[in-house]
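Chemist:
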Amino acid sequence: MSECEQDLVIVGGGLVGGSLACALRGMGLRVAVIEAAPPRAPGHPGDDERVIALSWTSERILAGIGLWPRLAPGAEPIHAVEVSQRGGCGALRMDRRDEGVDALGQVVPARLIGEAIQDRLSGVAEVCVRAPARVVDLRVTPQWVEVQVAEGGVSERLRTRLLVAADGGDSSVRRLLGIGLRERPYGQDALIATLTPDRPQPGVAFERFTESGPLALLPMTEGRWSLVWSVPQDRTAGLLALSDEAFLARIQGYFGWRLGRLARTSPRRAFPLVQRLASEATRPRVVLIGNAAHTLHPVAGQGLNLGLRDVAALAEVLVAARRAGDDVGGTAALAAYRDWRRRDQAEVAATTDLLARLFVGGWPPLRAARDLGLLGIELVPGLRHQLARRFMGRAGRQTRLARGLPLETLDG
Ligand SMILES: Cc1cc2nc3c(=O)[nH]c(=O)nc-3n(C[C@H](O)[C@H](O)[C@H](O)COP(=O)(O)OP(=O)(O)OC[C@H]3O[C@@H](n4cnc5c(N)ncnc54)[C@H](O)[C@@H]3O)c2cc1C
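If you're matching positions, the sequence shown starts at 3 in the working numbering and goes up one per residue.
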C-alpha cells in the first residue's frame, strides 16, 4: 500500500467518526480521519456546550474503545428518570433498581468526549488524523473510492477501500454522492443552558412536557443540571434575550420546585431542530453513520447513542472482515452492517419523531391523552421495563462492545 492508500477514510472526526477511529485502533487497519475543524477549536462539535445523556449501552461501548476511564471523572450517573406533564396527573418513573443496574445511563459534557477522542488518537501510527481538512470531491470505482482532500491550501488524492461518512447532519459526502434525504423541520429550537438549583436530587433526570415543548433537566457533576428545552422558533430570540433572573423564573414556572430554587444559569445557546434521514445507509464502498445517516430531535436523548451503536456494529463487521481476509469495503461487509442496523435506526427515528410531535401543544384532548399514556406506561406491567430497556439501548441484537467483549478477541 502506498502512503495515500487506506483501508478506511472517515470523513468527520466528531463524536461518532472519532469514536469509530478509536474502536479500530490496533485492529490492523489503516485509517485516515478527515476533519474540517481544527483540533480543540471553538466550532468543533466535540467542543460546544451540549451535554449528552449516554445510555447504559453507550457507556459500555465507550469503555470497550478505551474512552471511559477519561470520561468517568466528569460523568454523573442517572439513577432514575422522571417523566411528567405540566399541569397533568400522569407521571412515569424509571429506576435503576427495577432494571438491576448501577445506573440507567451517564451524563457527560460533549466537550469532554471530544477531548478524550482527540487524546486517544494522538500519536497512533495506523490512524492518521488530518485537521483542518475537507473532502472536496469523490469518485467511486469498483475497487476504491478516490477522495480529494483540501488541507492548508493544498489538494491531495487519497484512495480507500471504504469511505465512512460521519460528517454530520449536513453531510457533504451525502451531497457529493447525490444520496437522497428526508428532511422534517420541527419549527423548534433546542435551548440549552447549565442550571444550578439549591435543592439538588443527585442522579435524577427529569423530562417534563410543557405547552411549548419538552423540557429536560439532566444531572451533572457539582450539583449542576443541564437544561434542554425545545421551544417554538418564534420564541427563541426572546428567551435568549431575557436577563438571567427572568430566564430562571420562566424555567421555574414550567418545571416547578422539584429541585428547589433554580439559582444560577450559564449563558444560553440554541440549536435548530430538524429530523434528517438519508435514503440509503450504504452505497458500494460507502457507508453513512451517526448524524450523516440520521439526525434526530433531542427529545429522548438518542442521537449520539444511536450513532455509537452504529460505530460498534460497523467496527465489529470490519474487524471480522479483516480477520477473514475479506475486503473491508466489499458488498458482504456492507450488507452485514446495513442489515444489522436497519431496524434499530428506523425504530429510534420513528419513536423520537412521534414523541417530538405528540408532546407539543396544549390542546386539552391531546393533554388528556398524554396523561393517560404516561399513567398507562406506569401501570401496565412490563411496559415501563420495555421503555427502560430502549432508553438504555438494550433492545435488539447487541454488539460485542455493548456486551463488554473486546474486538481484539474476535475471530474472522
Ligand atoms: C441540544 C442537543 C442535545 C443533545 N443531547 C443528546 C443526548 O443527550 N444524548 C444523545 O445521544 N444525543 C444527543 N444529541 C445528539 C448528538 O449531539 C449528535 O447525535 C451527535 O453529536 C452526532 O455526532 P456526529 O459525529 O454524527 O455528527 P457531528 O457532531 O455533526 O460531527 C460531524 C463532524 O464532521 C465534520 N465535517 C463536516 N463536514 C466535513 C467535511 N466536508 N470534511 C471533513 N469534515 C467534515 C464536522 O466538523 C464535525 O466534526 C443532542 C443534540 C443536540 C442538538
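Ideal Cβ positions, reconstructed from N, Cα and C, are used throughout, including at glycine.
Where does the unbroken alpha helix (DSSP H) through Glu213 begin, and where does it stop?
Modeler: Careful: Glu213 lies outside any alpha helix (DSSP H) and carries neither H nor E.
Chemist: Who are the Cβ neighbours of Leu308 in its own chain at under 6 angstroms, not counting the five residues just before and after it?
Modeler: Result list for Leu308: Val350, in chain order.
Chemist: To the nearest angstrom, how far is it from the Cα of Leu316 to the Cα of Ala248?
Modeler: If I take the Cα positions, the gap works out to 47 angstroms.
Chemist: State the Cα-Cα distance for the pair Trp227 and Asp329, rounded to the nearest angstrom.
Modeler: Taking the straight line from one Cα to the other gives about 47 angstroms.
Chemist: How about Ala105 and Ile80: do their beta carbons lie closer than 9 angstroms?
Modeler: In this structure, Ile80 lies closer than 9 angstroms to Ala105 by Cβ.
Chemist: Taking the C-alpha atoms as reference points, what is the distance between Leu193 and Ala112?
Modeler: Going from the Cα of Leu193 to the Cα of Ala112 covers about 16 angstroms.
Chemist: So, under 8 angstroms CB-CB, Gln203 and Arg260 are touching, yes? Tell me the CB distance rounded to an integer number of Å.
Modeler: With 8 angstroms as the limit, Gln203 and Arg260 qualify as a contact, their Cβ atoms being about 7 angstroms apart.
Chemist: DSSP three-state label for Pro408, please.
Modeler: Coil at Pro408, not helix or strand.
Chemist: Based on DSSP bridge pairs, tell me the residues matched to Gly107.
Modeler: According to DSSP, which records beta bridges pairwise, Gly107 is partnered with Ser57, Ile80.
Chemist: Using beta-carbon positions only, say whether Arg359 and Asp100 come within less than 9 angstroms of one another.
Modeler: Cβ atoms of Arg359 and Asp100: not closer than 9 angstroms.
Chemist: How should Glu410 be labelled, buried or exposed, when 16 other C-beta atoms within 10 angstroms of its C-beta is the threshold for buried?
Modeler: Answer is exposed; the Cβ neighbour count stays below 16.
Chemist: Which residues does DSSP list as the beta-bridge partners of Met96?
Modeler: Per DSSP, Val83.
Chemist: Might you give, ordered along the chain, the residues of its own chain that have their beta carbon closer than 6 angstroms to the beta carbon of Ser7, omitting 5 neighbours on each side?
Modeler: First, the residue type needs correcting, since residue 7 is Glu and not Ser in the sequence shown. Closer than 6 angstroms at Cβ, skipping near neighbours: Arg161.
Chemist: If I measure Cβ to Cβ from Ala314 and keep anything under 8 angstroms in the same chain, skipping five residues before and after, which residues do I get?
Modeler: Cβ neighbours of Ala314 beyond the five flanking positions: Ala25, Ile63, Gly66, Thr401, Arg402, Leu403, Ala404.
Chemist: How long is the line joining the alpha carbons of Gly384 and Thr143, rounded to whole angstroms?
Modeler: Rounded to the nearest angstrom, the two C-alpha atoms are 50 angstroms apart.
Chemist: Please tell me whether Phe208 and Phe273 are closer than 9 angstroms, where the distance is taken between their beta carbons.
Modeler: It is not a contact, given that the beta carbons lie outside the stated cut-off.
Chemist: Just to check, is the beta-carbon of Glu61 closer than 8 angstroms to a non-hydrogen atom of ligand 1?
Modeler: Every heavy atom of ligand 1 is 8 angstroms or more from the Cβ of Glu61, so no.
Chemist: Using a Cβ-based criterion (distance less than 8 angstroms to any ligand heavy atom), does Ala390 qualify as near ligand 1?
Modeler: False, no ligand heavy atom lies under 8 angstroms from that Cβ.
Chemist: Can you determine whether any heavy atom of ligand 1 sits closer than 8 angstroms to the C-beta of Phe393, and answer yes or no?
Modeler: Phe393 Cβ: outside cutoff for every heavy atom of ligand 1.
Chemist: Leu316: beta carbon under 8 angstroms from a heavy atom of ligand 1?
Modeler: No, ligand 1 has no heavy atom inside 8 angstroms of this Cβ.
Chemist: When the Cα of Ser124 is compared with those of Pro41, Val103, Gly171, Asp139, which residue comes out closest?
Modeler: Here the closest residue by C-alpha is Pro41.
Chemist: Can you give me the C-alpha to C-alpha distance between Glu185 and Leu22, rounded to a whole angstrom?
Modeler: Roughly 26 angstroms separates the two Cα atoms.
Chemist: Tell me the residue span of the alpha helix (DSSP H) that contains Cys24.
Modeler: That run of the alpha helix (DSSP H) goes 17 to 26.
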